Each structure stands twice: as structure tokens, then as C-alpha cells.
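To keep things clear, I will list the structure first and then write my remarks on it.
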Amino acid sequence: MGYNYNNNQGYAPPSPYGQQPYGQQGGNYGAPPQGYYQQQQPQVVYVQKPNQHSSGGGAGLGAGLCCGLLAGCCCEENTMDSQTLFSVKDKVVVVTGGGSGIGLMISQGFVKNGSRVYIVARKQNVLEKAAQELTAQGTGKCIPLVCDLQDAAQIKQLTEKLAELEPRGIDVLVNNSGANWGSESLESYPDKAWAKVLTLNTQRVFTLTQLLLPQLEKRASKESPARVINIGSIDGVRVPNLITPAYSASKAAVHHLSKVLAAHLGPRNITVNAVAPGPFESHMMKATLDAQYEAIVSSVPLGRIGQPGDMAGICIFLASAAGSYINGTVIPVDGGIVIANGSYSHANL
């Protein structure tokens, strides 16, 4: 039942600040019916928490008070400090496709900020080179692990190796590996493209997450959940002009799979979110950027393509204390392409 604020019944919606003055007309309400307010708003009770806050003089939280409403609240843990709020130091992170492209950008961000990062892909030489360079750059460490993520048996071996290397568990899984398959027309699009693209881009996101659940749960708690970050695409949000139906379908599936997993794994203290990147420099995008760079840039409201810090930043945010209460979301990192151009644009990739 809705409320008519201009009637003469004297009804008013409940106020979070207690009862309001009541009159006869809208904006000055009459007295509410007897028993209208059945519940009192909870009072914030400040309790002394020694050594949790500044011991300086004066009143308020700075004088050593904590709201005391929730166990593990931000006051108790002092997580409002930016260095703590966004810290990923000493986190154990797994990034598939972490040796190149967007995966390398993400891995670099974590390693530079003190995480121990396992990068996973098929090509050993690419992984070893990337791991050496990243470890030299950051305060963390990068370790290469070779695995063909199309192969379920190899994924099982990978998870067993990770359990051996990290007996205390894993904090963050970034499912980034992916493949694309384009064609000149719908008529010429090959049937085999569907199996290849959907298996790697969607099914293996589930497979790896499923097999790493024991490792993720080891590091998870209600106050500091483990994180799964799935890399989707804006092509799973809007319709691209290129003939890549399997890719777009696979990324839309990743977005919804992330929501399904979030609902099931949230109660197990694991959050699952998806990131939908727009145009970034990568091997997969090289040909498109070479051919359409100016058109693509002009379609982005921010007037540029994505930079490494853009992808690293969103993943660090989701993996840090700052992102601990975010679950089941799809976050576009596209400079505003989708909102500016709608679902379809010939200027977009």
C-alpha cells in the first residue's frame, strides 16, 4: 500500500529519526494510527576499545571509541586508512592468461603491490619472461605455471600443484584466459569455433573455480572473503559490429555465471564479480586497433583506450578490503563506450 501525503488520514511513512510533527495536510502529518511504530530504530552505542584508536584528547572516535555495533567493524580494524583499505600485500593471487595482454596488466598491478602471483598459460617461454620481469619490478613475486586451460586434466594437475605450493590457500583467483574467433559473415562462421571459444572462455572459468574452492575457502572469512574475479567483455554487454558471435555469447555467459557463483559462494565467504573491459592494447586486439584505432578512440567518451593501470586498479580494488562487500556485479571498464554508443556501433570493436 502506498502513502498519500496530501490526504486527511494522518498517515506518514516511518522516519529513521523517530516520529515527525503531525498535522492535517501534506508535509505536516496528523498523528499516526495507534501501534503504527512497532520497532524502534537501533541506537548507536559507543564503547571503549583500548588501543584501537588515537589516545589523544577530545570526544568522538578519535578518543578511543568504537561504534561497537558489528564484530570486525571498520573502527575495530582501522580499515579506513587508505593504505590498509586498498592493500593487497602478501595476498596469494592466481591469474590465468597472466603472461600477456590484460592478464599481464593485472598481474603487474598485484606484484608491484606486494602480492605473490601465479601466472598461468600455455606458453612457457612467455610466462617465464613475464615472471622474471614482474618480479624485478615489484615488491611481490611472480611465479609461472604452464597449463593448457582447454584441457580439464591439465587444470586438475594445476590445482594440485597450487595446493602443494600454497598449503594455506589462495586469496584471489582471476579468470582471464580467453580466445576469440572472427569471420567475414555469419554464413561462413565455423561450427568448431563455438566449442573452442565457449570451452575456454566460459566452461573453464567454472572448472577452475570449482577445483580451487578448497584453496579459496582456506583463506576466506566473513570479514575478509576470498575473491574470484572473472574477466568478461563489453562485447558481452553490447553487440559489436564484428562477426564474433561465440565470443560475445561466451562473455555474456561469464557475466551471468559470475552472478550465479556469487549467490552460491557468498555464504561460503567467497565473492565473485566480473569485469567487462573495453578496448585495451593486447594481442587479441592488435589487428582491430591497427585497422580502426582512430574510430575506436573517437567512440570512447574519455578519448583514449584503456591503460594497464585501469585494469590493475579495478582488480586490486575488488581484491582489497575496499571491495570486500561487493558481490555478483559486472563492472564495465570501457571509458563509457556502452553508455555513449548504445548496444551497437560500427565504430566499436
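Quick note: the sequence shown, position 268, residue 266 per this note's numbering, numbers continuous. C-beta: ideal position from N, C-alpha, C; glycine also. Given the structure is predicted, the values throughout are model-derived calculations rather than measurements.
(Q) DSSP three-state label for Leu171, please. (A) Walking along the sequence shown from the start, residue 171 turns up at place 173. Correct three-state label for Leu171: strand.
Q. In terms of alpha-carbon separation, which member of Val92, Ser318 and Asp332 lies closest to Val144?
A. By 1-based counting over the sequence shown, the position of residue 144 is 146. Minimum Cα distance to Val144 is reached at Val92.
Q. Given that a residue counts as buried once 16 or more other Cβ atoms are within 10 Å of its Cβ, and exposed if not, what is Thr348?
A. Lying outside -1 to 347, the shown extent of the chain, residue 348 is not represented and no answer is given.
Q: Can you give me the start and stop residues for the alpha helix (DSSP H) that Thr286 sits inside?
A: Your numbering for residue 286 matches position 288 in the sequence shown. According to the DSSP assignment, Thr286 belongs to the alpha helix (DSSP H) that extends over Lys284 to Ser296.
Q: Given a cut-off of 7 Å, decide if Gln213 and Ala129 are closer than it, judged by their beta-carbon atoms.
A: Here residue 129 corresponds to residue number 131 of the sequence shown, with the count starting at 1. Here residue 213 corresponds to residue number 215 of the sequence shown, with the count starting at 1. For the pair Ala129 and Gln213, the CB atoms are not nearer than the 7 Å cut-off.
Q. So who's on the other strand from Lys220, going by DSSP bridges?
A. As a working mapping, residue 220 is identified with position 222 in the sequence shown. Partner(s): none; Lys220 has no beta bridge.
Q: Helix, strand or coil for Arg236, going by three-state DSSP, please let me know.
A: The sequence position of residue 236 within the sequence shown is 238, counting from 1. DSSP places Arg236 in coil when its eight states are reduced to three.
**Q.** Helix, strand or coil at Cys140 [DSSP, three-state]
**A.** Taking the sequence shown and counting its residues from 1, the one referred to as residue 140 is at position 142. Residue state, collapsed to three classes: strand.
Q) Quick one: Cα of Ala260 to Cα of Lys249, how far? A) Against the sequence shown, residue 260 aligns to sequence position 262. Against the sequence shown, residue 249 aligns to sequence position 251. For the pair Ala260 and Lys249, the Cα-to-Cα distance works out to about 16 Å.
(Q) Please give me, in chain order, every unbroken run of the beta strand (DSSP E) with length at least 3 that falls completely inside the region 112 to 141. (A) Counting only runs of 3 or more, we get 114 to 119.
**Q.** Buried versus exposed call for Arg202 [16 or more other C-beta atoms within 10 Å across all chains shown]
**A.** If you number the sequence shown from 1, residue 202 lands on position 204. The Cβ neighbour count for Arg202, taken over all protein chains shown within 10 Å, is at least 16; the residue is labelled buried.
Q: Quick one: grab the DSSP three-state call for Gly304.
A: Counting from 1 along the sequence shown, the entry for residue 304 is found at position 306. Here Gly304 carries a strand assignment [DSSP, helix/strand/coil].
(Q) Since Ala251 and Thr200 should fall inside the 8 Å C-beta cutoff, what is the C-beta to C-beta distance between them, to a whole number of angstroms? (A) What you label residue 251 is simply residue 253 of the sequence shown in a count that begins at 1. What you label residue 200 is simply residue 202 of the sequence shown in a count that begins at 1. About 5 Å separates the CB atoms of Ala251 and Thr200; that is less than 8 Å, so the two are in contact.
Q: Measure the alpha-carbon distance for Ile324 versus Ala193 and round it to whole angstroms.
A: Position 326 of the sequence shown, counting from 1, holds the residue named residue 324. Position 195 of the sequence shown, counting from 1, holds the residue named residue 193. Distance between the alpha carbons of Ile324 and Ala193 is about 32 Å.
Q. Is DSSP giving Glu162 helix, strand or coil here?
A. For this step, residue 162 is matched to residue 164 along the sequence shown. DSSP places Glu162 in helix when its eight states are reduced to three.
Q. For the alpha helix (DSSP H) that Val270 lies in, which residues bound it at each end?
A. Start at 1 with the first residue of the sequence shown, and residue 270 comes out as number 272. Note, Val270: premise wrong, no alpha helix (DSSP H); beta strand (DSSP E) at Ile268 to Pro275.
Q. Does the distance from the C-beta atom of Val226 to that of Leu316 stay below 7 Å?
A. In the sequence shown, counting from the first residue as 1, residue 226 sits at position 228. In the sequence shown, counting from the first residue as 1, residue 316 sits at position 318. Not a contact, by the Cβ cut-off of 7 Å.
Q: Throw me the rounded Cβ distance for the Pro299 and Gly334 pair, which I believe falls under 8 Å.
A: For the purposes of this step, residue 299 is taken as residue 301 along the sequence shown, with counting starting at 1. For the purposes of this step, residue 334 is taken as residue 336 along the sequence shown, with counting starting at 1. The pair is a contact, with the Cβ atoms about 4 Å apart (cut-off 8 Å).
**Q.** Start and end residues, beta strand (DSSP E) containing Pro330
**A.** Residue mapping note: residue 330 aligns to position 332 of the sequence shown, counting from 1. Residues Val328 to Val331.
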